[in-house]
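Asker: Residue numbers (this note's numbering): 104 to 827. Even glycine gets a Cβ: it sits at the ideal position worked out from N, Cα and C.
#1: Per DSSP, residue 587 forms a beta bridge with which residues?
#2: Using DSSP's beta-bridge definition, name the partner residues of residue 698.
#3: Beta carbon of residue 161, beta carbon of residue 261: below 8 Å?
#4: First and last residue of the beta strand (DSSP E) that includes residue 732?
#5: For residue 125, which of 184, 295, 627, 197 has the nearest alpha-carbon?
#6: Taking 8 Å as the threshold (C-beta atoms), are residue 549 and residue 588 in contact?
#7: Could you check the C-alpha separation between residue 347 and residue 336 for me, to the nearest Å?
#8: Helix or strand or just coil, what does DSSP make of residue 221?
#9: May I ask you to report which of helix, strand or coil DSSP gives residue 247?
#10: By how many angstroms is the C-alpha of residue 267 removed from the C-alpha of residue 350?
#11: Since residue 190 and residue 340 should fall inside the 8 Å C-beta cutoff, what is the C-beta to C-beta distance between them, to a whole number of angstroms?
#12: Any idea if residue 615 is buried or exposed, counting beta-carbon neighbours within 10 angstroms, 16 or more meaning buried?
#13: Could you work out which residue in 729, 771, 582 is closest to residue 635 when comparing CA atoms only?
#14: Between the Cα of residue 118 and the Cα atoms of 572, 522, 257, 290, which residue gives the shortest distance?
#15: Is there a Cβ of chain D sitting closer than 8 Å to that of residue 726, yes or no?
#16: For residue 772, does the three-state DSSP call read helix, strand or coil?
#17: Could you tell me whether the segment 771 to 783 touches the segment 672 to 684, using the rule of 3 or more Cβ pairs below 8 Å?
#18: Whose C-alpha, out of 557, 621, 623, is nearest the C-alpha of residue 605?
#19: Any idea if residue 822 is buried or exposed, counting beta-carbon neighbours within 10 angstroms, 16 or more meaning buried?
#20: Got a sec, what are the start and stop residues for the alpha helix (DSSP H) residue 280 sits in?
#21: Residue 671 to residue 766, Cα distance in whole Å?
#22: Going by CA-CA distance only, name the one from 569, 265, 282 that's closest to residue 776.
#23: Flag this pair as yes or no: are the beta carbons of residue 595 and residue 804 separated by less than 8 Å?
#24: Please state the DSSP three-state secondary structure of residue 766.
#25: When the Cα atoms are used, what is the spatial distance from residue 285 to residue 357?
#26: So, is residue 217 buried or exposed, given that buried needs 16 or more other C-beta atoms within 10 angstroms?
#27: Looking only at DSSP bridge pairs, what is residue 598 linked to?
#28: Does the distance from the C-beta atom of residue 590 to that of residue 631 stay below 8 Å?
#29: DSSP three-state label for residue 822, please.
#30: Is it right to say residue 192 is buried, meaning 16 or more other beta carbons lie within 10 angstroms of its own, or is it exposed?
#31: Residues bridged to residue 668 by DSSP?
#32: Is it buried or exposed for residue 726, if we count other Cβ within 10 angstroms and need 16 for buried?
#33: Whole angstroms is fine: what's the gap from residue 96's alpha carbon to residue 547's?
#34: Is the distance from the Cβ of residue 799 to the Cβ of residue 599 below 8 Å?
#35: Cβ of residue 319 within 8 Å of Cβ of residue 480?
#36: Look at the alpha carbon of residue 577 and the alpha carbon of residue 740, and state the distance between them as a whole number of angstroms.
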């Protein structure tokens, strides 16, 4: 009796994994970034888990399909399709239902570092067609491997004396399972290392930016993982709810911690087989073994990807353009089709199709460390439940208990209604305070302030003309100030921020120049149309505001080396990006109306690329965004400037449809003065070598903060002060 009691309380694998999870959290909080070396341990453990998966999928499918007849395969295919459709409908209904959590809110802007290069598309041929099975195995092309294995298995099922091959395959599959069990027993160590590293080093600041999506996605995922799928098993089979939860628990926890359903496929198969054996739901002659079913449906859309589509209605709500009821059939059907691809491909595609600003995808990637793990946990329960339901259906033991079905459905809808109402209420009162109406670009401060500045409201000639035998450098030092021309509508080179301060890449460079000369600054306003006249009349010593070279400027003033090259690009409404997939056809269209800044390089270049278009001259890029460009469809400008403007107007995007990057040189323009020209060339070269230019480029163009990141908060550093 005493031995039986001791055996009963012996901790199992699940207990050890949960213990390791807790210890990993404690270790991460205590030691902080000192846990960084544990990443190598976690990577080794994940690699060991994955090494058996693809060989297991291949051999298991060939073995199990080879054992059954063509008739059994046909019956299994029908059952698989029906159950997949039912489970997919549950996921799509959950997405539509949870979308009600988002209250209406006016749009806000945020900072993004979107790259304008075209999206990299996956090769569907390599992914789904096993032209070279060894290539598919080496590149983890799971759909192609599954297709190859299904083909070989079905071919074997009609060959006499196939047992001569199937028997060795059975031994190989058993060996792979034994090897996987050995690695799985190392899970407590791997889980501890992975969790300790994640908690100790990963930043969580960005999670607050997506609290609405995180809350809604978490609630939907947990409801399906812990509630709907286990309840579906108890409704359709004799399996008890708590048995379904308990048996699947180790695989679910492992998938969440490892952030990989692929790595725990053998665990899912074993859990499903354990439940089927316990309730005697599987019959050998049906061929519906978890060894076949789980690898078979793994490449297809799963509930983790489908529920992740909640990000689309969230994004629409975030921008104040909530999806209308009549849009949901289109959204859900397209989302279901897109779920065959990876979310990194599907989400941007859906954002474009639903006319939602594409910039928010960067925040989606930022919180992927959390949402991917939840999705893998849901995917694990989905595969487990599917295998049990399909096996029960093929064996004839699946029977819907309608009374329990209606009871559970009613309770689930009531619970969902309460949760949705609660989330809606919380977001209504908290979300507005978290987001600001201006992007980070509007709040940026100078990196190198330090000299006294005067900003003139009107441009006038320099009150101290250059004296006889005096150079421009001499006058600057004599006056104790340098006059610099600026255009306040040249984001991100020069503009006024929300505090009314003159900031930008070139304004920071101007402060650095004045600091090196030991003088103050007088900022003098100019416009592109009056620039040459103002320089000729000595209104300022140098013009610094993202000025690209033009033929007119090159002939009027000396041209030194450019300090930066920018990329020719197109700015257009987000939803029109799809139109420019056929750029070579569209660029010859006479119906296209294009906005260009007058007297700019882009004015010259746009006529070259769009020979049949009509053009609208504007004073600055701001006119296009404020719809003062006579209904222009697109604007041709630099990618760097266009991206900065889209931070304030996120319903627009920057694209580069040209077959090659057209580089546009940027210059600082001044009047003729050989000594001053030589000084500027040497000074620019020094600033590049000192790293000043790179620092400003990262800050103003790429949006990266150059501040040294502080070590992650930890008990050992911030509470006990044992380390610095």
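Answerer: This is what the structure gives:
#1: 626, 645
#2: 719, 738
#3: Taking C-beta atoms as the reference points, residue 161 and residue 261 fail to come closer than 8 Å.
#4: Looking at the DSSP string, residue 732 is not in any beta strand (DSSP E), and its letter there is neither H nor E.
#5: 295
#6: no
#7: 7 Å
#8: With a pLDDT of 47 at residue 221, under the threshold of 50, the modelled position of this residue cannot be trusted; read the value that follows with caution. Of the three classes helix, strand and coil, the one that applies to residue 221 here is coil, per DSSP.
#9: Judged by DSSP in its simplified three-state form, residue 247 adopts helix.
#10: Put simply, the backbone Cα of residue 350 is about 35 Å away from that of residue 267.
#11: Between residue 340 and residue 190 the Cβ distance is about 15 Å, and since that is not below 8 Å, they are no contact.
#12: Residue 615 counts as buried, since no fewer than 16 other beta carbons sit within 10 angstroms of its beta carbon.
#13: 771
#14: Nearest C-alpha to residue 118: 290.
#15: Reference to chain D is not applicable here, since this structure consists of a single protein chain.
#16: strand
#17: The segment 771 to 783 vs the segment 672 to 684: no contact.
#18: Ranked by how close their Cα comes to the Cα of residue 605, the residues 557, 621, 623 have 557 in first place.
#19: exposed
#20: 266 to 287
#21: About 6 Å.
#22: 569
#23: Yes, they are a contact pair.
#24: Shown here, residue 766 sits in a strand according to DSSP, grouped into three states.
#25: 15 Å
#26: Caution is warranted here: a pLDDT of 42 is assigned to residue 217, below 50, making its placement in the model unreliable, and no coordinate value can be reported.
#27: Per DSSP, the beta bridge partners of residue 598 are 592, 606.
#28: yes
#29: helix
#30: exposed
#31: 768
#32: Buried is the label assigned to residue 726, since at least 16 other Cβ atoms lie within 10 Å of its Cβ.
#33: Because the chain spans 104 through 827 in this model, residue 96 falls outside it and cannot be assessed.
#34: Contact: no.
#35: no
#36: 37 Å
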